[in-house]
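Visitor: Residue numbers (the working numbering): 6 to 1030.
Built from N, CA and C at the ideal position, the CB exists for glycine as well.
All of these numbers come straight from a predicted model, not from anything done at the bench.
First, the structure itself, so that you have it in front of you.
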């Protein structure tokens, strides 16, 4: 809309709600978990430091440096805050001192130009530039001739930018540095080795191995005596190395993902055209357009600005918005554009900026716990306490039996006789018992359980990058599996983000086609192209020869500029015919933006564009065929291909999709039907479809009542989106929100998962988000939901697998120890089982890709127990089977295997070897069962998971090598083909057994809830007494 100077116009009446109100304050967390349970933190996104400290203190941990590696380092967080405070204070002190000095010297201000130290190709050096921009020295800036003088010294054209060829860029980097800062080196592989060595149980085992080695060599000589101690030491070293390799690879993945997060892309003007580059490619002398929501990418000086307001809180620590103009033109790297627009000249990059110095001095801590990680620490602590108790019982029983003369060796001789047995032999026997007890602790305390979350999250994050989703917060990856509602934008996410003008009305009638300028009067044509060319943040670049005109800007800007070109606009010449006096920046609250221009004959024109009803509410007249004024255009944004299928998939999987858009209700309704959010236009009644102002006018209770029923909200402001998110969360929903504008930041922050748009999203929106959707496509949001569910499902598979091994290994060893004073699985064998179970098992099961089956289920409840009834059924059936078979072999193995005529020593070794072999093979077969806890076909998609197949194959090969060639180390003997066949059959039976087990129905009510109710009933009588 445009109107000329002097045209009468009226403002809307006071009660007309044209703009949204100010954002409300953030609501508190509605679901911060049971405060009495330190491991029940359902939302770590804004959890207090005290809550995070509590669960760490409650966890039973054998190796803190490894267990808490990928959680937030609370000590470093405090140090980081202090460093930030110091640097900000330092920057403010320098500035204050300079201002004080300038005030004192204010009487005598030199007007002579300061000497410019040469920087090779350029007449001004980095030190001079830094002293001007970093110290906000307006006097020195004026002495250099203002921004125009600085640009001349930097050989920059303020309108067209630098040349930008390779030679020019190289000169600038050599003279002024690159826009990067030195990062602290990542932890080396040896650091991870050292961390793995800090495990208390492994330290005890190494000490025991050293003692056993010394005693063995002393009693049996070096040739035979080193096997017992040496084999334990080798097994421990193997566990350490494999653990370190796994952890190191994970850290590399996180490092790469962090690098991706820092790599912001932005537009610069080079050679007269706008091009997109990485923030690292910016050089001194670049001209950069700034719009609302952008991050200031380097230190610089304002060239032109329109209502430009900067949020400098990241540098100064004060949440004050600073308005920039010719009086205060200095811009600091790392700050955000809060309002308005402008262009800046870059004067400092990298470590030559305050932001660069700040970032270089802070080691970025990427740690952040997730709710699942905290809960798994709780599970690991409970299992660890049980395992520790069992190990203590085994230790006491074995020591009591040994020193009371009830323990016999393989030949049937009593191992300890008071007063007769040598001290060395007694100590050796006691060391072996302690070693077994400590090894039970190693197996029982699942240190790898919480780390399995990190492993599966790291894998998922890497794969999600390929699916166009960049994860900024680990917890979001997992929380998406619980999402019940997605509040999505229309523009870009559900639609193509490619706008075209399909209808144009001018002179009181419709232009058909829209680009037909013959029906426009000369005055109307002149006003329209002036409004299109001047009232825009986009640009038109016409290369030499005039071919392939490049139009840049937002989709709306591009649509209008293309239409302007169709009706004969010459962008550069039209802009040169009038000068801009004032700009009214567009934002999503006002829903309109305008520009005041002065023509060559001193006439002032003000041009507006924005939401039709907002602009028209300000109008009193329109231009008809005889030259009066009218609405300019209508735009159509087509629905993205595949969005309808994605929306249907969400609805089927129990995730409701709501469209929250700034467009009018009529447009929103049409798009909602096209995308499948509404089945038909007949559904479009309140409250299913509602206007933002109607929702905004309600009380909290009224909003809570209708929030779930809403499918489409039209003409909504960012504040309306925030109110909807709060209402849904109060109703217990897990809410994902998409957003791209600066004003979407509160809603993105408030939501359980904030999804920012990678293409159209501002830096403010991206920083408030948890995941960035790189292609702005709703289909990618649905892929994130699949991955979120996959994370949860993979962890459950791993828990089922690990608990089966835990239960079986503990029961077998305890029963055998108590009844016979000996254990069938020795320390080295248990360490091998621990390696299969912890590291290799996690690698195999935590990296299963998502399947369509995951989207056939409802969302995972955030308070749903980690170990479901189905998992309890599966693991108890497998554990009971393994325990039964292996205990029968332990007590009746000699007769079953036909070893009654063999020597006692050899028969026991064969029997124990078969038990060990069958136990390991049972875990390998059970690994397949764990892949599909609730499906009959456990082989579905197994050949596509190369890592799983590789780990299973590697485990089998290593098991064969251990049995056949490493008997001296593992206290095993070679098995014949019949014994191998028996071992394989014992393992194989777990497959049909799993199928039969899945036919057994399980109750819907989780076992945990039954126990909770039982405990509650017991407490009631006590309370009444």
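Are the CB atoms of residue 853 and residue 799 within a distance shorter than 8 Å?
Guide: Your numbering for residue 799 matches position 794 in the chain shown. Your numbering for residue 853 matches position 848 in the chain shown. In this structure, residue 853 lies closer than 8 Å to residue 799 by Cβ.
Visitor: Under three-state DSSP, which class holds residue 591?
Guide: Within the chain shown, numbered from 1, the residue matching residue 591 stands at position 586. Note: residue 591 maps to coil in three-state DSSP.
Visitor: Going by DSSP, which residues form a beta bridge with residue 314?
Guide: In the chain shown, residue 314 corresponds to position 309, counting from 1. DSSP lists 328, 344 as partners of residue 314.
Visitor: Of all the options 588, 287, 299, 333, which has the alpha carbon lying nearest to the alpha carbon of residue 307?
Guide: On the chain shown, position 302 is the one that residue 307 refers to. With distances taken between Cα atoms, residue 307 lies closest to 333.
Visitor: Can you list, in chain order, the residues of its chain whose CB lies under 6 Å from that of residue 281, leaving out five sequence neighbours each side?
Guide: Residue numbering aside, residue 281 sits at position 276 when the chain shown is read from its first letter. So the qualifying residues of the chain are 270, 272.
Visitor: Let's test the definition: count the other Cβ atoms within 10 Å of the Cβ of residue 1010 and tell me whether it reaches 16, buried, or not, exposed.
Guide: Indexing the chain shown from 1 puts residue 1010 at position 1005. Burial call: exposed.
Visitor: What does DSSP give as the partner residues of residue 603 in its beta bridges?
Guide: Here the question's residue 603 lines up with position 598 in the chain shown. In the DSSP output, where bridge partners are listed per residue, residue 603 has 584, 609.
Visitor: Give the DSSP-derived three-state secondary structure of residue 1027 in the structure shown.
Guide: Against the chain shown, residue 1027 aligns to sequence position 1022. Confidence is the limiting factor: at residue 1027 the pLDDT is only 47, short of 50, which leaves the residue's position unreliable, though a coordinate-based value still follows. Helix at residue 1027.
Visitor: Could you pull the start and end residues of the alpha helix (DSSP H) that residue 678 belongs to?
Guide: What you label residue 678 is simply residue 673 of the chain shown in a count that begins at 1. 670 to 680 is the span of the alpha helix (DSSP H), which, as asked, contains residue 678.
Visitor: Cα separation between residue 289 and residue 480?
Guide: Position 284 of the chain shown, counted from the first residue, corresponds to residue 289. Position 475 of the chain shown, counted from the first residue, corresponds to residue 480. Roughly 38 Å separates the two Cα atoms.
Visitor: My output table needs one value for residue 1010: the three-state DSSP class, helix, strand or coil.
Guide: Counting from 1 along the chain shown, the entry for residue 1010 is found at position 1005. Here residue 1010 sits in coil by DSSP.
Visitor: Classify residue 611 as buried or exposed, calling it buried when 16 or more other Cβ atoms lie within 10 Å of its own Cβ.
Guide: Translated into positions along the chain shown, residue 611 becomes position 606. Residue 611 comes out buried.
Visitor: Under 8 Å by Cβ, that's how I've got residue 476 and residue 469 pegged, so tell me the actual separation to the nearest angstrom.
Guide: The residue you call residue 476 lines up with position 471 of the chain shown. The residue you call residue 469 lines up with position 464 of the chain shown. The Cβ separation is near 6 Å, so the contact holds.
Visitor: My guess is that residue 180 and residue 126 are in contact by the Cβ rule of under 8 Å, so how many angstroms apart are they, rounded?
Guide: Position 175 of the chain shown holds residue 180. Position 121 of the chain shown holds residue 126. The Cβ separation is near 6 Å, so the contact holds.
Visitor: Confirm, please, whether the CB-CB distance from residue 987 to residue 919 is below 8 Å.
Guide: Residue numbering aside, residue 919 sits at position 914 when the chain shown is read from its first letter. Residue numbering aside, residue 987 sits at position 982 when the chain shown is read from its first letter. Their beta carbons are under 8 Å apart, which means residue 919 touches residue 987 by this criterion.
Visitor: Starting from the Cα of residue 770, find the closest Cα among 999, 300, 178, 173 and give me that residue.
Guide: Counting from 1 along the chain shown, the entry for residue 770 is found at position 765. Nearest option by C-alpha distance: 300.
Visitor: Could you check if residue 532 is buried or exposed, using at least 16 other CB atoms within 10 Å of its CB as the buried criterion?
Guide: Along the chain shown, one-based indexing puts residue 532 at 527. Residue 532 is buried by the Cβ-count criterion.
Visitor: Below 8 Å between beta carbons: does that hold for residue 298 and residue 329?
Guide: Along the chain shown, read from residue 1 onward, the residue named residue 298 stands at position 293. Along the chain shown, read from residue 1 onward, the residue named residue 329 stands at position 324. Against a cut-off of 8 Å, the Cβ pair of residue 329 and residue 298 comes out as no contact.
Visitor: Does DSSP put residue 854 in a helix, a strand or coil?
Guide: As a first step, residue 854 must be located in the chain shown, where it is residue number 849. Coil.
Visitor: Where does residue 171 fall in DSSP's three states?
Guide: Working through the chain shown from its first residue, we reach residue 171 at position 166. Correct three-state label for residue 171: helix.
Visitor: What does the Cβ neighbour count give for residue 267, buried or exposed, with the cut at 16 atoms within 10 Å?
Guide: As a position in the chain shown, residue 267 is number 262, starting the count at 1. Classification of residue 267: exposed, given that the 10 Å Cβ count is below 16.
Visitor: Would you kindly work out how many angstroms separate the C-alpha atoms of residue 904 and residue 836, rounded to a whole number?
Guide: Working through the chain shown from its first residue, we reach residue 904 at position 899. Working through the chain shown from its first residue, we reach residue 836 at position 831. Rounded to whole angstroms, residue 904 to residue 836 spans 28 Å at the Cα level.
Visitor: What are the boundary residues of the alpha helix (DSSP H) that residue 799 is part of?
Guide: As a position in the chain shown, residue 799 is number 794, starting the count at 1. 783 to 825 is the span of the alpha helix (DSSP H), which, as asked, contains residue 799.
Visitor: Can you tell me which of 339, 147, 160 puts its alpha carbon nearest to the alpha carbon of residue 130?
Guide: Your numbering for residue 130 matches position 125 in the chain shown. Looking at the Cα atoms, 160 is the closest of the given residues.
Visitor: Run the CB neighbour count on residue 33, radius 10 Å, all protein chains shown included, and call it buried at 16 or more, exposed below.
Guide: Working through the chain shown from its first residue, we reach residue 33 at position 28. Low local confidence applies: a pLDDT of 43 at residue 33 is under 50, so the model's placement there is unreliable, and no value is given.
Visitor: In whole angstroms, what is the alpha-carbon distance linking residue 361 and residue 788?
Guide: Numbered from 1 along the chain shown, position 356 holds the residue referred to as residue 361. Numbered from 1 along the chain shown, position 783 holds the residue referred to as residue 788. Answer to the nearest angstrom: the Cα atoms are 36 Å apart.
Visitor: Within its chain, find whatever has a CB closer than 7 Å to the CB of residue 556; leave out the 5 residues flanking it on each side and keep chain order.
Guide: By 1-based counting over the chain shown, the position of residue 556 is 551. Taken in chain order, the residues that qualify are 543, 545, 563, 566, 567.
Visitor: Distance, Cα to Cα, residue 829 vs residue 780?
Guide: Working through the chain shown from its first residue, we reach residue 829 at position 824. Working through the chain shown from its first residue, we reach residue 780 at position 775. Their Cα atoms are separated by approximately 57 Å.
Visitor: Determine, using beta carbons only, whether residue 855 and residue 659 come nearer to each other than 8 Å.
Guide: On the chain shown, residue 855 is found 850 positions in, with the first residue counted as 1. On the chain shown, residue 659 is found 654 positions in, with the first residue counted as 1. No, the Cβ-Cβ distance between residue 855 and residue 659 is not below 8 Å.
Visitor: For residue 26, which of helix, strand or coil comes out of DSSP?
Guide: Translated into positions along the chain shown, residue 26 becomes position 21. With a pLDDT of 40 at residue 26, under the threshold of 50, the modelled position of this residue cannot be trusted; read the value that follows with caution. Residue 26: coil per DSSP, three-state reduction.
Visitor: DSSP state of residue 202, grouped into three classes?
Guide: By 1-based counting over the chain shown, the position of residue 202 is 197. Here residue 202 sits in helix by DSSP.
Visitor: Do you know offhand how far residue 620's Cα is from residue 151's?
Guide: Here residue 620 refers to the residue found at position 615 of the chain shown. Here residue 151 refers to the residue found at position 146 of the chain shown. Their backbone Cα atoms lie some 38 Å apart in a straight line.
Visitor: Would you be able to state if there are at least three C-beta pairs under 8 Å between the segment 647 to 659 and the segment 701 to 712?
Guide: The segment 701 to 712, when compared against the segment 647 to 659, does not touch it at the 8 Å Cβ threshold.
Visitor: Taking residue 696 and residue 670 to be in contact with their CB atoms under 8 Å, please state how far apart those CB atoms are, rounded to whole angstroms.
Guide: Indexing the chain shown from 1 puts residue 696 at position 691. Indexing the chain shown from 1 puts residue 670 at position 665. Confirmed, Cβ separation roughly 6 Å.
Visitor: From residue 359 to residue 315, what does the alpha carbon distance come to, in whole angstroms?
Guide: Stepping through the chain shown from its first residue, residue 359 is reached at position 354. Stepping through the chain shown from its first residue, residue 315 is reached at position 310. Distance between the alpha carbons of residue 359 and residue 315: 16 Å.
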